[in-house]
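In my numbering, the protein residues as written are 123 to 339. Each residue gets a CB set at the ideal place from its N, CA and C atoms; glycine is no exception. Encoded as C-alpha coordinates, the structure appears first; notes follow it.
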(Lines of atoms letter the chains of each structure in order from A; the text may use other names.)
(Lines give C-alpha, C1' and ligand atoms only; values in the text may rest on other atoms or scores of the structure.)
Protein backbone atom coordinates (compact mmCIF):
# COMPACT_ATOMS: atom_id res chain seq x y z
CA UNK A 123 0.00 0.00 0.00
CA UNK A 124 1.18 3.49 -0.88
CA UNK A 125 -0.24 6.25 1.28
CA UNK A 126 -0.17 9.99 0.64
CA UNK A 127 -1.33 12.53 3.21
CA UNK A 128 -2.61 15.32 0.98
CA UNK A 129 -3.52 17.59 3.87
CA UNK A 130 -5.80 17.66 6.92
CA UNK A 131 -8.03 14.55 6.82
CA UNK A 132 -7.48 13.65 3.15
CA UNK A 133 -5.56 10.51 2.19
CA UNK A 134 -4.79 8.99 -1.21
CA UNK A 135 -4.54 5.22 -0.84
CA UNK A 136 -2.96 3.18 -3.63
CA UNK A 137 -3.74 -0.44 -2.89
CA UNK A 138 -4.05 -3.61 -5.01
CA UNK A 139 -4.00 -1.60 -8.23
CA UNK A 140 -6.72 0.84 -7.08
CA UNK A 141 -6.49 4.54 -6.24
CA UNK A 142 -8.91 5.48 -3.48
CA UNK A 143 -9.25 9.03 -2.13
CA UNK A 144 -10.65 9.56 1.38
CA UNK A 145 -12.23 12.81 2.63
CA UNK A 146 -11.40 15.50 0.05
CA UNK A 147 -12.26 18.52 2.15
CA UNK A 148 -11.89 22.27 1.97
CA UNK A 149 -8.62 22.40 3.93
CA UNK A 150 -6.83 20.06 1.53
CA UNK A 151 -5.14 21.85 -1.39
CA UNK A 152 -5.05 20.53 -4.92
CA UNK A 153 -6.98 17.29 -4.65
CA UNK A 154 -9.15 18.24 -7.63
CA UNK A 155 -6.10 17.71 -9.84
CA UNK A 156 -5.98 13.97 -9.16
CA UNK A 157 -6.72 11.58 -12.01
CA UNK A 158 -7.30 7.84 -12.51
CA UNK A 159 -9.15 7.40 -9.22
CA UNK A 160 -11.07 4.18 -8.62
CA UNK A 161 -13.22 5.57 -5.80
CA UNK A 162 -13.76 8.57 -3.55
CA UNK A 163 -14.84 7.88 0.04
CA UNK A 164 -16.53 10.51 2.22
CA UNK A 165 -16.87 9.80 5.95
CA UNK A 166 -19.18 12.73 6.74
CA UNK A 167 -20.51 16.01 5.41
CA UNK A 168 -18.45 18.63 7.29
CA UNK A 169 -16.67 21.02 4.96
CA UNK A 170 -13.17 19.99 6.05
CA UNK A 171 -13.98 16.47 4.81
CA UNK A 172 -16.30 17.26 1.88
CA UNK A 173 -15.56 20.30 -0.27
CA UNK A 174 -18.84 21.00 -2.08
CA UNK A 175 -17.18 23.34 -4.59
CA UNK A 176 -14.22 21.22 -5.70
CA UNK A 177 -15.54 17.68 -5.32
CA UNK A 178 -17.76 17.98 -8.44
CA UNK A 179 -14.67 19.12 -10.38
CA UNK A 180 -12.77 16.07 -9.14
CA UNK A 181 -15.56 13.70 -10.16
CA UNK A 182 -15.80 15.29 -13.62
CA UNK A 183 -12.14 14.42 -14.20
CA UNK A 184 -12.62 10.90 -12.79
CA UNK A 185 -15.82 9.72 -14.47
CA UNK A 186 -15.23 6.03 -13.67
CA UNK A 187 -14.64 6.60 -9.96
CA UNK A 188 -17.30 5.41 -7.55
CA UNK A 189 -18.45 7.93 -4.96
CA UNK A 190 -19.06 6.20 -1.61
CA UNK A 191 -20.47 8.21 1.27
CA UNK A 192 -22.20 8.11 4.63
CA UNK A 193 -26.01 8.58 4.62
CA UNK A 194 -25.87 12.28 5.52
CA UNK A 195 -23.33 13.10 2.83
CA UNK A 196 -25.31 11.25 0.16
CA UNK A 197 -28.07 13.83 0.54
CA UNK A 198 -25.59 16.69 0.25
CA UNK A 199 -23.94 15.14 -2.81
CA UNK A 200 -27.28 14.55 -4.50
CA UNK A 201 -27.94 18.27 -4.17
CA UNK A 202 -24.68 18.85 -6.05
CA UNK A 203 -25.84 16.60 -8.88
CA UNK A 204 -23.50 13.78 -7.86
CA UNK A 205 -24.61 10.15 -7.78
CA UNK A 206 -23.22 8.69 -4.56
CA UNK A 207 -23.62 5.23 -3.06
CA UNK A 208 -24.62 4.93 0.60
CA UNK A 209 -21.72 3.27 2.40
CA UNK A 210 -23.25 1.39 5.31
CA UNK A 211 -22.51 -2.14 4.09
CA UNK A 212 -19.24 -3.76 2.96
CA UNK A 213 -18.46 -3.36 -0.72
CA UNK A 214 -15.59 -3.98 -3.13
CA UNK A 215 -13.55 -1.64 -5.29
CA UNK A 216 -11.73 -4.06 -7.55
CA UNK A 217 -10.14 -6.52 -5.15
CA UNK A 218 -10.16 -4.02 -2.26
CA UNK A 219 -12.70 -4.55 0.52
CA UNK A 220 -14.26 -1.27 1.66
CA UNK A 221 -15.71 -1.80 5.12
CA UNK A 222 -17.85 0.70 7.07
CA UNK A 223 -17.04 1.42 10.72
CA UNK A 224 -19.31 3.39 13.06
CA UNK A 225 -22.39 5.52 12.54
CA UNK A 226 -22.20 8.89 14.33
CA UNK A 227 -19.89 11.91 14.54
CA UNK A 228 -18.19 12.56 17.87
CA UNK A 229 -19.92 15.00 20.19
CA UNK A 230 -18.74 18.58 19.64
CA UNK A 231 -21.20 20.29 22.01
CA UNK A 232 -24.63 19.44 23.40
CA UNK A 233 -26.10 22.33 21.40
CA UNK A 234 -24.74 21.02 18.07
CA UNK A 235 -26.74 18.15 16.54
CA UNK A 236 -24.70 15.06 15.79
CA UNK A 237 -24.54 13.88 12.18
CA UNK A 238 -23.71 10.56 10.51
CA UNK A 239 -20.04 9.60 10.38
CA UNK A 240 -18.98 6.30 8.86
CA UNK A 241 -15.28 5.47 9.06
CA UNK A 242 -13.65 3.13 6.57
CA UNK A 243 -11.32 0.14 6.60
CA UNK A 244 -9.55 -0.81 3.36
CA UNK A 245 -8.24 -4.38 3.03
CA UNK A 246 -6.68 -6.33 0.15
CA UNK A 247 -4.80 -9.61 0.03
CA UNK A 248 -1.07 -9.14 0.57
CA UNK A 249 -1.42 -5.42 1.34
CA UNK A 250 -1.34 -3.39 4.53
CA UNK A 251 -4.82 -2.61 5.86
CA UNK A 252 -5.90 0.95 6.72
CA UNK A 253 -8.49 2.44 9.07
CA UNK A 254 -9.66 6.07 8.62
CA UNK A 255 -12.16 6.94 11.38
CA UNK A 256 -13.43 10.25 10.03
CA UNK A 257 -14.49 12.28 13.07
CA UNK A 258 -15.12 9.56 15.64
CA UNK A 259 -13.01 7.60 18.09
CA UNK A 260 -15.47 4.89 19.16
CA UNK A 261 -15.40 2.64 16.08
CA UNK A 262 -14.08 -0.94 16.15
CA UNK A 263 -12.13 -1.69 12.97
CA UNK A 264 -10.69 -5.00 14.17
CA UNK A 265 -6.99 -5.63 13.68
CA UNK A 266 -5.48 -3.27 11.12
CA UNK A 267 -1.92 -2.44 10.11
CA UNK A 268 -2.30 1.33 9.81
CA UNK A 269 -4.60 3.69 11.69
CA UNK A 270 -5.07 7.29 10.56
CA UNK A 271 -5.73 9.19 13.78
CA UNK A 272 -7.04 12.72 14.33
CA UNK A 273 -4.24 14.81 15.80
CA UNK A 274 -6.46 17.70 16.91
CA UNK A 275 -10.15 18.61 16.71
CA UNK A 276 -12.83 20.70 18.47
CA UNK A 277 -14.41 17.43 19.60
CA UNK A 278 -11.21 15.78 20.90
CA UNK A 279 -8.88 16.28 23.87
CA UNK A 280 -5.31 15.01 23.68
CA UNK A 281 -6.20 12.32 26.23
CA UNK A 282 -8.89 11.09 23.82
CA UNK A 283 -6.30 10.81 21.06
CA UNK A 284 -3.96 8.85 23.32
CA UNK A 285 -6.78 6.60 24.51
CA UNK A 286 -7.81 5.87 20.92
CA UNK A 287 -4.26 4.85 20.01
CA UNK A 288 -3.86 2.76 23.16
CA UNK A 289 -7.15 0.95 22.53
CA UNK A 290 -6.34 0.05 18.92
CA UNK A 291 -2.55 -0.25 19.43
CA UNK A 292 -1.83 -0.61 15.67
CA UNK A 293 1.65 -1.31 14.28
CA UNK A 294 1.60 2.07 12.50
CA UNK A 295 -0.37 5.25 13.23
CA UNK A 296 -0.51 8.14 10.76
CA UNK A 297 -1.59 11.59 12.01
CA UNK A 298 -4.35 13.41 10.13
CA UNK A 299 -6.89 16.15 10.97
CA UNK A 300 -4.20 18.70 11.77
CA UNK A 301 -5.12 21.90 9.91
CA UNK A 302 -6.03 23.81 13.08
CA UNK A 303 -2.54 23.43 14.54
CA UNK A 304 0.47 25.72 14.36
CA UNK A 305 3.83 24.13 13.66
CA UNK A 306 4.73 24.18 17.34
CA UNK A 307 1.36 22.83 18.38
CA UNK A 308 1.59 20.03 15.84
CA UNK A 309 4.95 18.94 17.24
CA UNK A 310 3.50 18.88 20.75
CA UNK A 311 0.58 16.67 19.73
CA UNK A 312 2.91 14.35 17.79
CA UNK A 313 5.09 13.90 20.87
CA UNK A 314 2.02 13.12 22.98
CA UNK A 315 0.79 10.58 20.42
CA UNK A 316 4.18 8.91 20.41
CA UNK A 317 4.73 8.86 24.17
CA UNK A 318 1.14 8.30 25.37
CA UNK A 319 -0.34 6.19 22.55
CA UNK A 320 -0.16 2.47 21.81
CA UNK A 321 2.77 0.63 23.33
CA UNK A 322 3.43 -1.26 20.09
CA UNK A 323 2.67 1.63 17.76
CA UNK A 324 5.06 3.55 15.53
CA UNK A 325 3.79 7.06 14.80
CA UNK A 326 4.74 7.96 11.22
CA UNK A 327 4.15 11.54 10.13
CA UNK A 328 3.49 11.57 6.37
CA UNK A 329 2.82 15.30 6.01
CA UNK A 330 4.59 16.76 2.95
CA UNK A 331 6.39 13.45 2.30
CA UNK A 332 4.55 12.37 -0.82
CA UNK A 333 3.60 8.73 -1.36
CA UNK A 334 5.00 6.38 1.30
CA UNK A 335 5.08 2.59 0.98
CA UNK A 336 3.59 0.76 3.97
CA UNK A 337 3.80 -3.02 4.37
CA UNK A 338 1.63 -5.48 6.29
CA UNK A 339 2.68 -6.08 9.89
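> Thinking just about the alpha-carbon of each residue, which of 142, 302, 187, 250 is nearest to the one in residue 277?
Replying inline: Position 155 of the chain shown, counting from 1, holds the residue named residue 277. Checked all of 142, 302, 187, 250; the closest Cα to residue 277 is 302.
> Is it right to say residue 200 is buried, meaning 16 or more other beta carbons lie within 10 angstroms of its own, or is it exposed?
Replying inline: Position 78 of the chain shown, counted from the start, is the residue given in the question as residue 200. Residue 200 should be labelled exposed.
> Is residue 229 closer than 8 angstroms to residue 195 when the C-beta atoms are compared?
Replying inline: Position 73 of the chain shown, counted from the start, is the residue given in the question as residue 195. Position 107 of the chain shown, counted from the start, is the residue given in the question as residue 229. Contact: no.
> Taking residue 193 as the reference, which of 241, 233, 152 has the closest Cα?
Replying inline: Indexing the chain shown from 1 puts residue 193 at position 71. Per the Cα distances, 241.
> Fully enclosed by the region 213-297, which alpha helix (DSSP H) runs are 4 residues long or longer?
Replying inline: 280-290
>> Between 207, 158, 202, which has its C-alpha nearest residue 185's C-alpha?
In response: Taking the chain shown and counting its residues from 1, one reaches residue 185 at position 63. Nearest option by C-alpha distance: 158.
> With 16 as the cutoff for other CB atoms within 10 Å, does residue 161 come out buried or exposed?
Replying inline: For the purposes of this step, residue 161 is taken as residue 39 along the chain shown, with counting starting at 1. Residue 161 should be labelled buried.
> With 16 other CB atoms within 10 Å as the buried threshold, where does residue 249 fall?
Replying inline: Within the chain shown, the letter at position 127 stands for residue 249. Label assigned to residue 249: buried.
> What are the residues that DSSP puts in a beta bridge with residue 190?
Replying inline: Translated into the one-based positions of the chain shown, residue 190 becomes position 68. Paired residue(s): 163, 207.
> DSSP puts residue 126 in a beta bridge; with which residues?
Replying inline: One-based indexing of the chain shown puts residue 126 at position 4. DSSP, once it has assigned bridges, lists 134 as partnering residue 126.
> How is residue 202 classed by DSSP in three states: helix, strand or coil?
Replying inline: Here residue 202 refers to the residue found at position 80 of the chain shown. Coil, per DSSP.
> When the Cα of residue 204 is compared with those of 180, 226, 151, 225, which residue comes out closest?
Replying inline: The residue labelled residue 204 in the question sits at position 82 within the chain shown. Ranking the options by Cα distance to residue 204, first place goes to 180.
> Is DSSP giving residue 156 helix, strand or coil here?
Replying inline: Position 34 of the chain shown, counting from 1, holds the residue named residue 156. Coil, per DSSP.
> If you check the beta carbons only, do residue 269 and residue 209 fall under 8 angstroms apart?
Replying inline: Within the chain shown, residue 269 is the residue found at index 147, counting from 1. Within the chain shown, residue 209 is the residue found at index 87, counting from 1. No, the pair does not count as a contact, with Cβ atoms beyond the cut-off.
> What's the gap between the Cα of residue 152 and the Cα of residue 318?
Replying inline: Residue 152 sits at position 30 when you count from the first residue of the chain shown. Residue 318 sits at position 196 when you count from the first residue of the chain shown. Distance between the alpha carbons of residue 152 and residue 318: 33 angstroms.
> So residue 318 is in the alpha helix (DSSP H); what residue range does that whole segment cover?
Replying inline: Taking the first residue of the chain shown as 1, we reach residue 318 at position 196. Taken as a continuous stretch (DSSP letters only), the alpha helix (DSSP H) holding residue 318 covers 305-318.
>> By DSSP's criteria, residue 325 is part of a beta bridge. Which residues make up the other side?
In response: Within the chain shown, residue 325 is the residue found at index 203, counting from 1. According to DSSP, which records beta bridges pairwise, residue 325 is partnered with 295.
>> I'd like to confirm the pairing. Which residues does DSSP put opposite residue 334 in its beta bridges?
In response: Here residue 334 corresponds to residue number 212 of the chain shown, with the count starting at 1. Answer is 125.
>> With distance defined between alpha-carbon atoms, name the residue in 237, 312, 292 nearest to residue 191.
In response: In the chain shown, residue 191 corresponds to position 69, counting from 1. For residue 191, the nearest C-alpha among the options comes from 237.
> Is residue 180 helix, strand or coil by DSSP?
Replying inline: In the chain shown, residue 180 corresponds to position 58, counting from 1. If DSSP states are grouped into helix, strand and coil, residue 180 belongs with the helices.
> What's the gap between the Cα of residue 212 and the Cα of residue 264?
Replying inline: By one-based count along the chain shown, residue 212 stands at place 90. By one-based count along the chain shown, residue 264 stands at place 142. Their backbone Cα atoms lie some 14 angstroms apart in a straight line.
>> Could you give the first and the last residue of the continuous beta strand (DSSP E) run that contains residue 143?
In response: In the chain shown, residue 143 corresponds to position 21, counting from 1. Taken as a continuous stretch (DSSP letters only), the beta strand (DSSP E) holding residue 143 covers 140-144.
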